[in-house]
Amino acid sequence: MSATAAKLPATAGPKPARSPGYWTKVGRRLLRDPVTMGCLAVLLAIVLAAVFADVLAPADPYKASMIRRLKPIGFPNHPLGTDELGRDMLTRLLYGGRMSLVMGIVPVLNALVIGGLLGIVAGFFGGRLNMAIMRTIDVLYAFPSVLLAVAISGALGSGLTNAIVALTIVFVPPLARIAETVTTQVRGMDFVDAARASGAGSLTIIRVHLLPNVLGPVFVYASSLISVSIILASGLSFLGLGVEPPRAEWGLMLNTLRQAIYVQPWVAVLPGALIFLTSICCNLASDGLRTAMEVKL
Amino acid sequence: MFAYILRRILYIVPIALGVTLLVFLLVHIAPGDPLNAVVGPDAPAEVVEQLRRSYGFDRPLPIQYLIYLGNVLSGDLGQSVATGRPVIADLGRALGNTLILSVGAAIVGFSSGILLGALAGWHRGGLVDRLATLLTLIGVSVPHYWLGMVLVIVMAVELNVLPAMGMAPGGATGWAFTGTHLAHAVLPVLTMSVIPMGIVARSVRATVADVLHQEFVQALRAKGLGRGPVLRHVVRNVAPTVVSVLGLQFGYLLGGSILIETVFSWPGTGFLLNEAIFKRDLPLLQGTILMLGLFFVLLNLVVDIAQAALDPRMRRT
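The listed protein sequences correspond, in order, to chains A and B.
Counted from 1, the first sequence has number 250 at position 146 by my numbering; the numbering is strictly sequential.
Counted from 1, the second sequence has number 84 at position 61 by my numbering; the numbering is strictly sequential.
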């Protein structure tokens, strides 16, 4: 909008006040929303802690100690206690965030690209292609998400890549569906007809007219899936299907510490508390983003 | 109505076929030779070849699928590689045990969710509304396997008032309506009910608020109807949406119970899945996934029909 205004011939007199662009407005609304800003700050802290785990961690995440097993919170040199092999909990929680965040975010990004593309193609071309794509998606929809994730990663076997593949397949259907719905709506609008009438090809219409209108809602929806993905990803590790020991990952830590609930219950629940905190902040931030972007789903 | 039901049934046939195809393919996306789980790596080649033929792995994929489909339709889900027992035998009991948890969690979660959501939607912005919003947020954000652990720590480890795991003392796998069995079910049922409670409360709140804004409600109030009769009209309009949410949530309870069953060592389908994964028992994995998937498809059909029965407008779509 501002770009076209700049191209207009310069008019005499005072410059007209430029009305702020869409993203400026979204940014301002976000800044005025304390809950969303608070959540984004917490998420930023979690991400930074995970990225700089090497620098921040007080100990080696793999260094076990038979005599320092399962020490309580506040133990000297181990502020958050130690796990069942005597490894420092604070260190492992910092490193664990890396795997948990990667496993939570990467599948949603993958599914955003794959599902978004499928949905836009199905919605734009309609007809048989739409039928073929959407009926296949319906079959994937016939499974509750946890079950689908467990089925695929159960068949593929444990491991980080397999878990990410499984979760990607879980999140493709909802994103494809939302992209298809929005694309179908936008396709019926007058400006698309106008573009077609003026001779624009399919690719141009998709790129110039559809994408800007479809990406917003799809992106907001994808952001709401991140919290689900983080819980599911850690759930897979909890079942022994995700990251393999001795690597640190919150879900896996929760699983191995499960036997310790009679000895150090409050140390054992720490990884889960972090999953909860991350997931609740993702949910609130996603809600805030949706309100700020004025997207209705 | 009859035509509608028929149409819905016809619609789920391809979906159900798709489910069997996907479950069939699970074995083939699995890395390595599916026979590796049956025979050791140093088995003689002729034995492996013979087994391959007896399992039908030497035929082309489409033929294998048709054979699989035929077996499934005649109720044969294959044999467990680990135990040699027919999969369907273990599955029946496990499904029953999972249903106990799911039905229990549905009763607790749905009733509290509906009540909370209705109150919140009726008094928007009030204290109940804020409480409902908070509980919804917690319900959708909490890793329920972790919540289960926390409940075990509080109720079993610290307070010692409820059993921590299993279905009954001594690793029993059969259900009975006795005090001990019920006590064992309390924690897993409560843990499982948190997610549907949050989601049901959220959708009931939104639907109630939406219906209350419609003109016919104003008209009803304007003509002098009291709270009770207005409420009756609102319920009638909210019901179809809520029924569909409840149906879906019940399906998610059944399919999502694996994590909760793992936390509480509950001998249901989740426990079977866990075992299948660890022993790489693919027939057992396939059978369990197939059963839960088909159950979910059937549940969706029932929901659609119930919705159409409650709301005649649905039948036209």
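Quick reminder that beta carbons are idealized off the backbone N, C-alpha and C, glycines included.
Quiz prompt | C-alpha gap between LEU315 of chain B and ARG173 of chain A, whole angstroms | solution = Cα to Cα, the separation comes out at about 41 Å.
Quiz item: Quick one: is MET220 of chain B near chain A, going by C-beta distance under 8 Å?
Solution: Answer no: the Cβ-Cβ gap between MET220 of chain B and chain A never drops below 8 Å.
Quiz item: By a C-beta neighbour count over all protein chains shown, 10 Å radius and 16 as the cutoff for buried, is TRP127 of chain A buried or exposed?
Solution: Residue environment: TRP127 of chain A is assigned as exposed (fewer than 16 neighbouring CB atoms within 10 Å of its CB, all protein chains considered).
Quiz item: Can you find a CB in chain B that lies within less than 8 Å of the CB of SER106 of chain A?
Solution: The predicted position of SER106 of chain A is uncertain, since its pLDDT is 46 and thus under 50; a value taken from the coordinates is nonetheless stated next. Using beta-carbon distances, SER106 of chain A does not count as an interface residue toward chain B, since no partner is under 8 Å.
Quiz item: Which residues mark the beginning and the end of the alpha helix (DSSP H) in which ASN260 of chain B is found?
Solution: That run of the alpha helix (DSSP H) goes 250 to 278.
Self-check item: Given ILE52 of chain B as reference, the closest of B:GLN309, B:ASN323, B:ALA331 once Cα atoms are compared
Solution: Per the Cα distances, B:GLN309.
Practice problem: Starting from SER164 of chain B, find everything on chain A with Cβ-Cβ shorter than 7 Å and list it in chain order. | Solution: What SER164 of chain B touches in chain A: SER331, PHE380, SER383, ILE384, ASN387.
Quiz item: Cβ of PRO37 of chain B less than 8 Å from any chain A Cβ?
Solution: Taking a beta-carbon distance threshold of 8 Å, PRO37 of chain B counts as an interface residue toward chain A.
Quiz prompt | CB contact check: GLY144 of chain B to chain A, cutoff 8 Å | solution = GLY144 of chain B does not count as touching chain A.
Practice problem: Report yes if the C-beta distance between GLY107 of chain B and PRO306 of chain B is below 8 Å; otherwise report no. | Solution: No, Cβ-Cβ distance for GLY107 of chain B and PRO306 of chain B is not below 8 Å.
Quiz item: In angstroms, rounded to a whole number, what distance separates the CA positions of VAL402 of chain A and MET207 of chain A?
Solution: Since the first residue of chain A shown is 105 and the last is 401, residue 402 of chain A is not available in this structure.
Practice problem: Output yes or no for whether 8 Å exceeds the beta carbon distance between ALA208 of chain B and GLY291 of chain B. | Solution: ALA208 of chain B is not a Cβ neighbour of GLY291 of chain B, given a cutoff of 8 Å.
Practice problem: Taking only beta-carbon positions, decide if ILE150 of chain A is within less than 8 Å of chain C. | Solution: No chain C is part of this structure, whose protein chains are labelled A and B.
Practice problem: Anything in chain B within Cβ reach of ILE365 of chain A, meaning under 9 Å, just list it in chain order. | Solution: One finds MET172, VAL175, ILE176, ALA179, VAL180, ALA187 in chain B with Cβ atoms closer than 9 Å to the Cβ of ILE365 of chain A, taken in chain order.
Quiz item: So which residues of chain B does PRO369 of chain A contact, with C-beta pairs closer than 9 Å?
Solution: Listed along the chain, the chain B residues whose CB falls inside 9 Å of the CB of PRO369 of chain A are MET172, VAL173, VAL175, ILE176, VAL177, VAL180, GLU181.
Quiz item: So, does the CB of ARG239 of chain A fall closer than 8 Å to a CB anywhere in chain B?
Solution: Yes, contact with chain B.
Quiz item: Roughly how many angstroms separate the alpha carbons of VAL210 of chain A and VAL332 of chain A, rounded to a whole number?
Solution: VAL210 of chain A and VAL332 of chain A have their C-alpha atoms some 13 Å from each other.
Quiz prompt | Proximal residues of chain B, C-beta to C-beta of PRO248 of chain A below 8 Å | solution = When 8 Å is used as the limit between beta carbons, PRO248 of chain A is near these residues of chain B: GLY274, TYR275, LEU277, GLY278, GLY279, LEU315, PHE319, in chain order.
Self-check item: Residues of its chain near THR108 of chain A, where Cβ-Cβ distance is below 6 Å and the 5 sequence neighbours each way are ignored
Solution: Confidence is the limiting factor: at THR108 of chain A the pLDDT is only 46, short of 50, which leaves the residue's position unreliable, though a coordinate-based value still follows. So the list is empty, once near-sequence residues are dropped.
Practice problem: Please list, in chain order, all residues of the same chain as TYR275 of chain B whose beta carbon is under 8 Å from its beta carbon, the five residues on each side excluded. | Solution: Hits under 8 Å: ILE218, PRO219.
Quiz item: Name the chain A residues that come within less than 8 Å of PRO54 of chain B, Cβ to Cβ?
Solution: What PRO54 of chain B touches in chain A: LEU260, GLY261.
Quiz item: How would you write the range of the alpha helix (DSSP H) that TYR168 of chain B sits in, first residue to last?
Solution: Residue range 167 to 174 is occupied by the alpha helix (DSSP H) that includes TYR168 of chain B.
Quiz item: Between VAL155 of chain A and GLY190 of chain A, what straight-line distance do the alpha-carbon atoms span, to the nearest angstrom?
Solution: When rounded, the distance between both Cα atoms is 24 Å.
Quiz prompt | Contacts of ARG362 of chain A in chain B (Cβ-Cβ under 8 Å) | solution = The answer, in chain order, is MET172, VAL286.
Quiz item: Does DSSP put GLN102 of chain B in a helix, a strand or coil?
Solution: The answer is strand: DSSP assigns GLN102 of chain B an E or B state.
Quiz prompt | Pairwise C-alpha distance: ALA326 of chain A and CYS311 of chain A | solution = Before going on, a small fix: residue 311 of chain A reads as Arg here, not Cys. One alpha carbon belongs to ARG311 of chain A, the other to ALA326 of chain A, and they sit about 20 Å apart.
Quiz item: Quick one: what's THR186 of chain A bridged to in DSSP?
Solution: DSSP lists A:ASP192 as partners of THR186 of chain A.
Quiz item: Of the choices B:TYR27, B:THR285, B:ARG338, whose alpha-carbon is the least far from that of VAL254 of chain A?
Solution: The residue among B:TYR27, B:THR285, B:ARG338 with its C-alpha nearest the C-alpha of VAL254 of chain A is B:THR285.
Quiz item: Does DSSP put PHE247 of chain A in a helix, in a strand, or in coil?
Solution: Coil, per DSSP.
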